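Heads up: the sequence lines are chains V and G, in that order.
Anchor point for the first sequence: position 210 equals 432 in my numbering, and the numbering is continuous, going up by one each time.
Anchor point for the second sequence: position 466 equals 467 in my numbering, and the numbering is continuous, going up by one each time.
Don't be surprised by glycine CBs; every beta carbon is placed ideally from N, CA and C.
These figures come from a predicted structure and were not determined experimentally.
Everything below concerns the one structure shown next.
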Amino acid sequence: MVGKSEPSTNGAAAAKSPDLLTSYFSFRALKLKTKQQELLIRVSILCLVYVLAFATRLFSVLRYESMIHEFDPYFNYRTTLFLTEKGFYEFWNWFDSESWYPLGRIIGGTLYPGLMVTAAAMYWGLRFLRFAVHIREVCVLTAPFFASNTTVLAYFFGKEIWDTGAGLVAAALIAICPGYISRSVAGSYDNEGVAIFALLLTFYLFVKAVNTGSLAWGLASALGYFYMVSAWGGYVFIINLIPLYVLVLLITGRYSMRLYVAYNCMYILGMLLAMQIRFVGFQHVQSGEHMAAMGVFFLMQVFYFLDWLKHLLSDAKLFQAFLRMTVTSAVGVGAVALGVGTASGYISPWTGRFYSLLDPTYAKDHIPIIASVSEHQPTAWSSFMFDFQILLFLFPAGLYFCFKRLSDATIFIVMYGLTSMYFAGVMVRLILVATPAVCLISAIAVSATIKNLTLLLRAKTKAPQSVSGKGGSSGKASSKQGSLDQSQPFQKNGATALLFGAFYLLSKYVTHCTWVTSEAYSSPSIVLAARGAHGNRVIFDDYREAYFWLRQNTPPDAKVMSWWDYGYQITAMGNRTVIVDNNTWNNTHIATVGRAMSSYEDEAYEIMKSLDVDYVLVVFGGVTGYSSDDINKFLWMVRIGGGVFPVIKEPDYLVNGEYRVDKGAAPKMLNCLMYKLSYYRFGELTTEYGKPPGYDRARGVEIGNKDIKLEYLEEAFTTSNWIVRIYKVKPPNNRW
Amino acid sequence: METPLRLRAAVPFSIFAALLFILPSCSAQDIQVVNAERRIDLTSHIVKVFLTLKVENTGASPASEILLAFPPTQVDHLAVVKAQVAIGKRKKKTYILLDVNPKELPDAPNGTKYLSISLLNPLAAGEAVTLEVLYMLTHSLEPFPVEISQSEPQLVYYRDSALILSPYHIKQQITFVKTPTTKVESFTVVDPTHRAGTELKYGPYNDRPPYSYSPMIVHFENNSPFAVVEELVREVEISHWGSLQITEQYKLAHAGARHKGVFSRVEYQSRPGYSGVSSFRHLLARLPPRVHSVYYRDEIGNISSSRLRLGTLKSELEIEPRYPLFGGWKATFVIGYGLPLEDFLFESPDGRRYLNFSYGCPLVETVVDKLTIKVVLPEGSKGPSAVVPFPVNQYLEKKFSYLDVVGRTVVVLEKKNVVPEHNIPFQVYYHFNPIFMLAEPLMLTSVFFLLFVTWVAYLHMDLSLRK
């Protein structure tokens with residue numbers, strides 16, 4: 223019901239915001255009460271946008287249910303549950319023996335606690351106010367709630383860098399931007415949901431601090447930074463972007479006392495605060511990724527010192543000589559310190575993930591485990607278009623406006639926009655980081671264009687030349703209108719047409735965003751839905767079926783081996799110990815599992831026995847045609863396994879470089895553990911009418927090995943649509 | 002069964018014993034059973050026994066109670082005992098339920114336990130009366146073999162005595178045992194014993210002295226779903242705003258022969274009649290009519306396989322656990338629904354309100370090992386008291402729900418070994434002043450009012466230091 227009315231509200235709100243914008247300008251002509259009226263309109267637009275941002279993220283709750291989505295959120299949910307049940311200190315000291323068997327995982331020291339603490343605080347707050355909510359509902363709605371807060375923040379940020387109009391447009395744009403919605407729909411309980419808010423908060427407060435030179439804002443931005451560090455590993459972006467920004471300001475001669483105060487306060491306090499997060503620890507002074515910030519910090523001091531000297535030394539020549547000396551020695555000392563630090567191992571080198579950001583091909587060659595994750599792939603053009611739509615065209619226009627009116631704040635947003643766009647191009651998931659910048663810059667374009675056009679329309683009695691001046695700055699309109707300078711009526715018509723064009727584009731944006739949200743980003747991926755033969759909705763709830771079976775019908779200390787994708791879900795929903803999970807911190811361990819999956823059964827049995835495995839879980843889509851199953855992921859297992867254990871060779875599983883499962887498949891492929899477990903007794907099943915038994919619907923072929931015998935494992939459970947299959951590892955045979 | 006019975010029995014029993022039965026052993030001698038017929042129904046996992054006794058008083062003094070004897074192993078599994086007597090002639094025959102209470106006798110042989118049936122009118126010397134007794138036994142079918150594989154049917158043992166255990170002399174008796182199918186592996190023969198179709202006939206036996214016992218075992222196939230709810234917590238929350246919210250937390254288990262080895266989905270799917278015959282995947286819950294907002298979920302989310310049929314007399318909710326339940330497998334889930342308040346809450350003449358709700362488990366043909374009913378009264382209600390037609394363990398709790406300040410009183414009623422026969426209404430009486438209904442809305446409005454007032458005050462204040 224609500225879902226149906228959704229698009230209309232979307233349309234109304236987005237159409238309203240420019241509409242109200244015009245009225246806001248009209249009210250300016252009135253006196254006295256206009257300010258209040260304007261405030262009222264502004265507040266009501268913001269409130270509408272706030273509600274809209276929340277409501278548009280509820281598709282998944284209405285379509286499916288209030289549940290946690292995907293993979294990582296299950297870990298976050300499980301830890302939040304632990305936090306609310308056992309308290310903060312227990313959580314901080316939690317050694318989790320249920321994952322990474324037999325290694326275990328120190329949870330408190332290896333996670334960003336910001337999200338869990340936030341959700342738990344909200345939960346406790348609501349409980350204190352006697353709202354008997356369940357922690358799951360709090361977790362499910364955390365991301366939409368923070369997305370709503372982000373829209374307010376976008377308004378203030380827009381106001382800070384441009385004007386209130388741009389702020390309102392930015393709030394409206396970011397509220398429904400698919401790039402952000404993709405990670406903040408209800409149920410997507412992941413670090414990013416909170417972190418984008420924290421990221422924008424830090425940036426906003428820092429820009430505010432730079433603009434005002436106030437220590438209080440600097441402190442606030444340090445606190446914002448602390449929150450960001452506690453919430454997401456993406457804080458590295460902040461700690462590199464802000465120094466870069468400061469450096470650019472220094473180079474462009476925009477150095478000021480305001481900047482000095484803002485950066486020093488933010489860096490020092492932010493660094494000290496960030497050290498309180500155990501996962502981050504001393505990285506701010508020890509890791510290569512954080513050295514740029516420190517370098518800029520020292521550079522800043524040198525700059526200040528020189529400024530002071532310049533003030534003292536009246537002789538310009540003497541100062542020049544001194545400048546040369548200090549700069550060379552400072553750079554020299556810095557370089558030597560960095561060199562010594564790196565050589566002695568005090569400063570750690572850049573991590574693989576960081577490298578793969580700078581060089582998109584790095585992961586593919588060196589770290590298959592990073593390359594195997596689909597969200598780490600370089601971004602395709604289509605996904606840019608999918609996630610930004612018209613913003614992609616408005617972005618350059620906005621950049622143009624920013625360059626037209628350069629200030630400390632616009633320089634910041636330009637830099638944020640350009641760097642994050644680069645990173646978005648490197649990795650799909652980083653589109654998320656670019657989204658606020660793209661929305662803000664596009665908002666500047668929209669706001670400035672519409673403002674200019676409406677001014678043109680409203681300027682009835684003004685002289686033509688003043689109009690042409692205004693018209694000239696109105697982006698795309700300027701070139702067309704240049705020739706129409708003299709004839710006002712045409713100009714007005716043109717402006718009207720362009721305004722309608724802008725509204726048309728914006729309303730298209732709204733429909734696109736709604737469509738993308740409802741079609742692409744609102745699926746929990748735990749429950750799969752398909753259309754049945756009669757158009758009815760068919761639900762495949764196999765994952766939960768299997769996990770619940772594990773939870774209820776296996777010994778509580780059973781160890782489950784599966785590919786690492788399902789680790790978090792098994793521990794959270796199945797409540798059983800797993801060998802590897804989505805926190806891919808130990809490559810060797812994952813490679814061991816990959817090796818077991820790609821070995822023959824007897825070899826795999828030895829590996830499984832050494833890991834104390836009781837159950838093996840595989841995901842199989844051959845019956846339903848579900849394509850992201852283990853057989854399709856199998857080559858990554860081979861690659862990751864082979865990366866550590868050279869016994870496993872990728873060519874053994876391929877035929878002429880081709881990956882197949884039918885009769886023509888490689889013999890090793892047909893007899894490896896993963897193949898056997900996926901297709902065990904599948905050959906007896908007719909999946910599709912008119913096809914031979916054993917027809918794999920996910921790959922569209924008849925399988926090559928129908929006579930599969932298991933010697934060391936036995937089928938323990940298979941879900942109703944065969945998506946999850948669980949096997950029990952048999953105890954060793956009696957020797958007599 | 003034992004604890005609640007003992008609880009209720011504690012007070013009346015001593016008085017009864019003192020007043021009426023000064024010489025119980027004597028009266029036992031004076032009564033004899035002329036004719037006894039027993040029908041044991043083994044078709045489901047709840048064993049139902051219908052016993053018809055024609056009792057005659059041969060003594061001199063009138064007898065006002067008849068004793069039933071049970072071996073100690075059966076008493077623990079005894080869920081329900083009902084006794085009734087027919088009154089009137091053929092056409093105007095009506096049945097009247099009789100009180101049944103546990104009773105202890107000093108010289109019970111081999112730990113025999115007794116239940117006494119209090120007759121309506123004392124049985125005068127030389128008179129006879131026909132009693133009809135129904136009792137149900139749970140967990141009395143013992144699977145053998147204890148573990149079966151997917152393709153095997155479930156075989157169970159039923160142990161009893163071929164002769165009716167009784168403290169009285171029985172002149173003539175006969176026992177019929179009904180099995181679900183004709184597949185009976187073996188049965189003890191106590192001559193004369195006949196088998197015809199699904200029925201085993203023991204007897205007739207003539208002139209058996211008191212406490213005659215002859216062990217009998219029937220080994221037969223029983224594939225009916227052995228659905229046992231190990232623990233059920235039903236929470237009934239009363240809101241005087243017009244609805245009754247019920248939340249039921251189930252811990253369901255298949256109590257039959259444990260599943261062994263492989264579970265093969267391909268066989269389960271392709272040969273439903275042959276593979277996994279003792280497993281079950283559907284359960285039927287009978288809910289009251291006009292039920293609304295029904296949900297069916299578990300710890301990890303909604304379970305999408307359920308169907309609800311609404312009717313004017315009853316609603317039926319067909320639920321399917323996430324996976325078929327084989328022997329020894331478990332599933333936990335929650336069923337919740339709302340009901341209109343006017344169907345269940347009434348005002349008694351003395352101004353108190355009472356909830357009239359059905360005890361027992363809505364699932365059809367299931368045994369509940371431990372049933373806890375929690376009636377959450379609205380905030381501000383006083384003096385709760387419960388009236389339950391059978392003995393239960395009672396106590397009070399506090400619960401905090403939405404916007405509660407002092408908390409709600411919860412009346413907790415616990416009972417062990419519950420069968421569908423316990424689905425009879427119980428009442429919870431309490432005092433409630435309707436003014437408390439307004440507490441929460443008033444609280445909310447005042448909070449918002451205060452919020453706006455402080456905001457207005459803040460806007461009119463000038464806190465800046467410089468003037």
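The three-state secondary structure of F358(G), taken from DSSP, is strand. The CB of V267(G) comes closer than 7 Å to the CB of R903, E906, L907 in chain V, given here in chain order. Between I41(G) and T176(G) a beta carbon distance of about 7 Å is seen, short of the 8 Å cut, so the two are scored as contacting. Bounds of any beta strand (DSSP E) do not take in M795(V), whose DSSP letter is neither H nor E. In this structure, the beta-carbon distance from G620(V) to A667(V) falls below 8 Å. Put simply, the stretch 123-137 of chain G does not touch the stretch 105-115 of chain G. Fewer than three CB pairs are less than 8 Å apart. Residues are counted here when their Cβ sits less than 7 Å from a Cβ of chain V; for the stretch 256-280 of chain G these are G262, V263, F264, S265, R266, V267, given in chain order. T601(V) sits buried, since 16 or more C-beta atoms from the chains shown fall within 10 Å of its C-beta. Nearest in C-alpha terms to L342(G), of all of H195(G), V34(G), P144(G), G243(G), is G243(G).
In this structure E828(V) is exposed. Its beta-carbon is surrounded by fewer than 16 other beta-carbon atoms within 10 angstroms. Cα atoms of V553(V) and M516(V): separation of roughly 13 Å, rounded to the nearest angstrom. Within the stretch 166-244 of chain G, the complete beta strand (DSSP E) segments at least 3 residues long are 170-179, 185-188, 194-197, 200-209, 216-222, 228-240, listed from N- to C-terminus. Our two residues, T474(V) and K626(V), have alpha carbons roughly 16 Å apart in a direct line. Short of 6 Å from the beta carbon of L404(G), and not among the five residues preceding or following it, lie these beta carbons of its own chain, in chain order: E441. Contact check for K202(G) against T194(G) passes: the beta carbons are separated by less than 8 Å. According to DSSP, residue pairing for V420(G) in a beta bridge does not occur.
Counting the other CB atoms within 10 Å of its CB gives K399(G) a total below 16, which places it among the exposed residues.
For P571(V), there is no enclosing alpha helix (DSSP H), since its DSSP letter is neither H nor E. The residue among H423(G), V412(G), V365(G) with its C-alpha nearest the C-alpha of F391(G) is H423(G).
CA-CA distance, H291(V) to E312(V), rounds to 26 Å. Interface flag for I171(G) against chain V is unset, since no Cβ pair is found closer than 8 Å. Not a single CB atom of chain G sits nearer than 8 Å to the CB of Q259(V). Using a C-beta cut-off of 8 Å, the stretch 386-400 of chain V makes contact with the stretch 365-377 of chain V, since at least three inter-stretch Cβ pairs fall below that distance. The C-beta of C269(V) has fewer than 16 other C-beta atoms within 10 Å across all chains shown, which makes the residue exposed. Taking a Cβ-Cβ cut-off of 7 Å, the neighbours of G302(G) in chain V comprise E287, M289, R766, given in sequence order. Taking a Cβ-Cβ threshold of 9 Å, none of the residues of chain G is close to I357(V); the smallest such distance is about 12 Å. In the DSSP assignment, the residues bridged to H255(G) are A228(G).
H255(G) and R323(G) have their C-alpha atoms spaced approximately 14 Å apart. In this structure, the straight-line span from the alpha carbon of S478(V) to that of L521(V) is close to 14 Å. Taking 7 Å as the cut-off between beta carbons, the residues of the stretch 751-764 of chain V near chain G are I761, D763, in sequence order. Note on geometry: alpha-carbon atoms of P226(G) and S305(G) lie some 22 Å from one another. Setting aside the 5 residues that flank it on each side, G257(G) is surrounded in the same chain by P144, Q155, F227, S279, G328, each with a C-beta closer than 6 Å to its C-beta; the list follows chain order. Within the stretch 302-322 of chain G, contact with chain V at the beta-carbon level (separation under 7 Å) is assigned to G302, N303, S305.
Bridge pairing for V34(G): V56(G), I171(G) [DSSP]. Contact check for L99(G) against A109(G) fails: the beta carbons are separated by 8 Å or more.
When C-alpha distances from K928(V) are compared across R921(V), A920(V), E937(V), G916(V), the shortest belongs to G916(V).
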